[in-house]
Amino acid sequence: MIRKQTTIFTTQTQSAIAKYGLQTIVNDRGGSVFTARGVINVGCLFLLFICLLTLFAGYPIITHFTEPSQSTNGAYNLGGINASGQVPAIIGFPPLIDPDTPQNVYSRVGFDNEQYNLVFSDEFNKDGRTFYPGDDPYWQAVNFHYWPTGDLEWYDPQAVTTEGGHLKITMSQQPTHDLQFQSGMIQSWNQLCFQYSYYMEVSVSLPGTPRVGGFWPGVWTMGNLGRPGYGATTDGVWPYTYDSCDVGTTPNQTLNGLPTAALTTGTDDGSLSYLPGQKLSACTCKGEDHPGPSVSKGRGAPEIDVIEAQTSRGVGQMSQSVQVAPFDDFYQFANSSSDVEVYNSDVTIWNTYLGGVFQQAVSGLSSVPNSVYQLTSGEFNVYG
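116 is the number that full-length UniProt numbering gives to position 116 of the sequence shown; each next residue is one higher, with no gaps.
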C-alpha cells in the first residue's frame with residue numbers, strides 16, 4: 001500500500017508539473033518578452049553593476065582628483081613628514097601655516113643669502129582663544145612661578161588670551177601664590193619644534209613706556225631637551241652647545257683644580273663657571289643615559305633670545321642674544337669671526353654684557369621706537 005500511494009503521488013505531481021509547463025509555454029508564445037517584471041530584473045542587475053563599478057573603480061579615481069593636495073612645507077615633529085617632505089592635513093586640526101598668513105611671507109632670502117620657506121605661522125586672529133593645558137595644539141600657558149630668574153610674578157593661564165587679532169598677555173598687581181603680581185607665559189615645549197637652520201619672526205607691541213622698566217617682556221626659544229621653568233630638565237643641559245669630550249664638560253670647567261684660568265678669568269677675576277657640568281656630553285659611556293643619536297654626541301639646550309626688552313636712560317632697547325656653554329675666558333667671544341655679524345649697525349650694536357657664571361652671551365642691542373609701547377602709540381614692530 002505504501003508503494004502504490006507513493007506511485008500515485010509521484011504521477012500526480014509529474015502531471016501537475018507538465019501541465020504548468022505547457023501552460024507557461026502557451027502564454028509566452030502569445031505575449032511580449034518586454035514584461036514589467038523582466039525590465040525590473042534587468043534594471044536591478046544593471047544598477048548593481050554600476051554600484052560595483054563605482055565602488056572599485058570610480059571611487060579611487062574620484063578621490064584622487066577631489067581630495068585637497070598636501071603641501072610640501074618641510075615641517076618636522078608634529079605629524080612628521082614622509083619621504084617627499086609632505087605634512088599631513090588633519091581634518092579639524094589647525095594647519096601648521098595659518099590661512100591668514102599673507103602669501104608674500106611664505107618665503108624669504110636670509111641674511112646668509114639662503115632661501116627660507118615658511119613651515120609654521122600663527123596670526124592669533126581668532127579672538128577668545130585660551131591656552132590652558134589641552135586647549136591648543138601648539139601653545140600652552142604655564143601655571144607656576146618662574147624661579148630660575150627670581151621673577152616677582154606668578155604665571156597664570158588666565159592672563160593669556162587673544163583679542164583684537166593679537167595674542168594678549170596681561171600683567172596685573174594682585175596677590176597670588178604668595179606673590180604680588182600675575183602675568184602669563186606660553187610655551188610650545190614638546191608641541192612644536194624645529195630642526196636645523198631656521199629664521200623666526202614676531203610682531204610685538206611692548207607694555208608701559210620706554211621710561212618704565214621692570215616688565216621684562218621677551219620672546220625666546222630653547223633646545224627641546226630642557227623645559228623652561230623646570231629645573232630638573234635644564235640642570236646640566238642649559239645652555240650647553242658642546243660636542244667635545246674635554247674639561248669643558250666638567251663642573252666649573254675644571255678637573256682637579258685645573259686649568260688655573262677657569263678660576264681666574266670670570267667676573268672680577270673670579271671663577272669662570274658655576275655650572276654643574278654637561279649632563280649629556282660627548283664623554284658619555286655606552287649604557288649610560290643619553291638621548292642619542294649616539295653616546296659620543298654632545299647634546300644640550302642653548303637659548304636664543306629674539307627679544308628681551310630693556311630701557312636705558314629713557315630709551316627702549318631690545319637685547320637679542322644666544323646663550324651658550326662652556327665659556328671663553330672673560331666670556332669674550334671672537335667678535336671678529338665670520339660666525340658672528342651685525343647686519344645693520346645703524347639699528348644694532350654689540351652688547352657690553354658678555355655673560356656670567358651661568359651663561360655666556362653673544363648679544364646685540366637693537367633700538368626700539370617709542371611708538372611700539374602700549375602707553376604711547378601701541379604700534380607693533382617686527383623682530384627676527
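Where is the CB? At the ideal position from N, CA and C, for every residue including glycine.
Predicted, not measured: the structure shown is a model, and the values here were computed from it.
How far does the alpha helix (DSSP H) with residue i in it reach, from first residue to last?
{"i": "Gly110", "result": "First-last for Gly110: undefined, no H or E at that position."}
{"i": "Tyr59", "result": "59–66"}
{"i": "Gly208", "result": "Taken as a continuous stretch (DSSP letters only), Gly208 belongs to no alpha helix (DSSP H), as it is neither H nor E."}
{"i": "Pro130", "result": "Here the sequence assigns Thr to residue 130, which means Pro is not the residue at that position. Here Thr130 belongs to no alpha helix (DSSP H), and DSSP marks it neither H nor E."}
{"i": "Thr233", "result": "231–234"}
So, with DSSP's three-state summary, where would you put residue i?
{"i": "His46", "result": "The question names His, but residue 46 is Phe in the sequence shown. Helix at Phe46."}
{"i": "Ser172", "result": "strand"}
{"i": "Ala309", "result": "strand"}
{"i": "Leu52", "result": "helix"}
{"i": "Val315", "result": "strand"}
{"i": "Gly355", "result": "strand"}
{"i": "Gln253", "result": "helix"}
{"i": "Val382", "result": "strand"}
{"i": "Tyr331", "result": "helix"}
{"i": "Leu225", "result": "coil"}
{"i": "Thr13", "result": "Its pLDDT being 36, under 50, Thr13 is placed unreliably by the model, and the measurement read from it follows with that caveat. Three-state DSSP puts Thr13 in a helix."}
{"i": "Leu263", "result": "helix"}
{"i": "Gly270", "result": "coil"}
{"i": "Asn125", "result": "coil"}
{"i": "Asn104", "result": "helix"}
{"i": "Gly292", "result": "coil"}
{"i": "Ser336", "result": "coil"}
{"i": "Trp238", "result": "coil"}
{"i": "Ser371", "result": "helix"}
{"i": "Gly150", "result": "coil"}
{"i": "Gly218", "result": "strand"}
{"i": "Thr376", "result": "coil"}
{"i": "Ser142", "result": "Reading off the sequence, residue 142 comes out as Val, not Ser. Looking at Val142 - three-state DSSP - the assignment turns out to be coil, as it is neither helix nor strand."}
{"i": "Val39", "result": "helix"}
{"i": "Val247", "result": "helix"}
{"i": "Gln278", "result": "coil"}
{"i": "Val342", "result": "coil"}
{"i": "Gln195", "result": "coil"}
Starting from residue i and walking both ways along the beta strand (DSSP E), at which residues does that stretch end?
{"i": "Leu365", "result": "359–367"}
{"i": "Thr161", "result": "160–163"}
{"i": "Thr348", "result": "348–350"}
{"i": "Trp189", "result": "Careful: Trp189 lies outside any beta strand (DSSP E) and carries neither H nor E."}
{"i": "Tyr155", "result": "153–155"}
{"i": "Tyr116", "result": "115–117"}
My understanding is that residue i touches residue j, with C-beta atoms under 8 Å, so please give their C-beta distance in whole angstroms.
{"i": "Gly298", "j": "Leu280", "result": "7 Å"}
{"i": "Val109", "j": "Gln103", "result": "Val109 to Gln103, Cβ: 16 Å. No contact."}
{"i": "Lys168", "j": "Thr162", "result": "6 Å"}
{"i": "Gly218", "j": "Asp305", "result": "6 Å"}
{"i": "Phe131", "j": "Pro95", "result": "About 18 Å separates the two Cβ atoms, so there is no contact after all."}
{"i": "Ser172", "j": "Gln180", "result": "With 8 Å as the limit, Ser172 and Gln180 do not qualify as a contact, their Cβ atoms being about 10 Å apart."}
{"i": "Tyr383", "j": "Met318", "result": "7 Å"}
{"i": "Ser107", "j": "Phe380", "result": "The Cβ separation is near 22 Å, so there is no contact."}
{"i": "Val340", "j": "Val362", "result": "6 Å"}
{"i": "Tyr230", "j": "Gly184", "result": "Contact flag wrong, Cβ pair sits at about 17 Å."}
{"i": "residue 395", "j": "Ala309", "result": "The shown model of the chain, from 1 to 384, leaves out residue 395, and the question about it has no answer."}
For residue i, which residues in the same chain have their Cβ closer than 7 Å to its Cβ, ignoring the five residues on either side in sequence?
{"i": "Ser377", "result": "Ser371"}
{"i": "Ser121", "result": "Ile97, Asp98, Thr101"}
{"i": "Leu375", "result": "Gly208, Thr209"}
{"i": "Lys19", "result": "Legend: pLDDT at Lys19 = 38, less than 50; position of this residue unreliable, no value from coordinates given."}
{"i": "Val347", "result": "Ser366, Ser367"}
{"i": "Pro133", "result": "Gln140"}
{"i": "Val295", "result": "Thr284, Cys285, Lys286, Glu288"}
{"i": "Met200", "result": "Thr221, Val306, Gly384"}
Please return the same chain residues whose Cβ sits closer than 8 Å to the Cβ of residue i, not counting the five positions on each side in sequence.
{"i": "Asp135", "result": "Arg129"}
{"i": "Gly165", "result": "Glu123, Phe124, Asn125, Asp127"}
{"i": "Asn224", "result": "Trp189, Asn190, Cys193, Ala301"}
{"i": "Pro291", "result": "Leu225, Leu280, Arg299"}
{"i": "Gln174", "result": "Gln180, Phe181, Gln182"}
{"i": "Tyr242", "result": "Gly248, Thr249, Gln278, Ser281, Ala282, Gly298, Gly300, Ala325, Pro326"}
{"i": "Gly257", "result": "Leu263"}
Note down, in chain order, each residue of its chain lying with its Cβ closer than 6 Å to the Cβ of residue i, except the 5 sequence neighbours on either side.
{"i": "Gly21", "result": "Its pLDDT being 39, under 50, Gly21 is placed unreliably by the model, and the measurement read from it follows with that caveat. Excluding residues within five positions, none has a Cβ falling inside 6 Å."}
{"i": "Gln359", "result": "Pro239, Gln323"}
{"i": "Phe333", "result": "Val362"}
Is residue i close to chain B, meaning its C-beta is less than 7 Å from at least one C-beta of that chain?
{"i": "Phe327", "result": "No chain B appears in the structure shown, which is made up of a single protein chain."}
- Quick one: any contact between the stretch 127–140 and the stretch 182–196, if contact means 3 or more CB pairs under 8 Å? With a cut-off of 8 Å, the stretch 182–196 and the stretch 127–140 count as touching, because enough Cβ pairs lie within range.
- Task: Check whether the stretch 247–260 touches the stretch 206–217, taking contact to mean three or more Cβ pairs, one atom from each stretch, closer than 8 Å.
- Result: No: fewer than three Cβ pairs fall under 8 Å.
- May I ask you to verify whether the stretch 355–364 touches the stretch 316–326, counting CB pairs closer than 8 Å and requiring at least 3? Between the stretch 355–364 and the stretch 316–326 there are three or more C-beta pairs closer than 8 Å, enough to call the two in contact.
- Message: Closer than 8 Å is the cut-off here; do at least three beta carbon pairs connect the stretch 234–241 with the stretch 293–309?
- Response: They touch, by the three-pair rule.
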